[in-house]
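Residues in the sequence shown are numbered from 10 upward in steps of one, following my numbering. Working notes for the structure below.
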Amino acid sequence: MSSNASGGGWQAETTLRAWQLALLRFAVTLDNADRLAVLAIAAEMDRLHPVQDGKPAFGFFRRTSTELCAAVLQPSERSATLLRQYLARIDDERLRRAFAAAIEADQPKVASTSKSIRRENDLWRGLSSRDDQAR
């Protein structure tokens with residue numbers, strides 16, 4: 010992988026993290042200045058996509074930011090679903106917990122793949138005790 014490609018990936022990852030943190034800040038403060046910061050970062054992220062016919066062809070982050078900010082400001086069934094979906098997409102556990110706390114939502118449940126742990130002492134059954142070995 011070339012250093013240019015890895016640098017672009019790093020920049021995209023950093024910008025994505027800045028967007029997520031800006032959304033968290035808005036969820037905490039509900040301040041219009043913080044909402045505008047979210048939208049500014051979203052516009053920057055959408056500009057990273059190529060332009061077609063003189064217009065940006067990509068508007069995912071602007072559209073999503075507008076929907077998320079509205080959902081934070083005006084709670085409803087639809088907005089709760091939208092916010093839960095956003096929470097499930099956050100990779101960073103600390104950021105996910107902080108955002109869930111800011112919007113006062115339960116965190117998405119992660120299905121456990123491990124079996125329940127037996128709390129019995131069967132592991133040591135059949136082995137002699139240390140006292141027996143010392144004799």
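Yeah, the Cβ is synthetic: ideal placement off N, Cα and C, and Gly gets one too.
- Around the CB of R71, 16 or more other CB atoms lie within 10 Å, so the residue is classed as buried.
- Taken through DSSP and simplified to helix, strand or coil, Q29 comes out as helix.
- Taking each of Q20, L30, V47 and R87 in turn and checking the Cα distance to R103, the smallest one comes out for L30.
- Using a Cβ distance threshold of 7 Å, I112 and L92 count as a contacting pair.
- Per DSSP, reduced to three states, the secondary structure at L104 is helical.
- Assigned with DSSP and collapsed to three states, L45 falls in helix.
- Judged by DSSP in its simplified three-state form, A51 adopts helix.
- Across the set Q94, E86, A110 and V47, the C-alpha of V47 shows the shortest separation from the C-alpha of L25.
- Nearest C-alpha to A27 among I99, A109 and A114: I99.
- Assignment of F35 by DSSP, reduced to helix, strand and coil, places it in the helix class.
- Separation of the CB atoms of A51 and S74 is rounded to 4 Å, and the pair is thereby assigned contact status at 8 Å.
- The beta carbon of R44 lies closer than 6 Å to those of F35 and C78 in the same chain, with the five residues before and after it left out.
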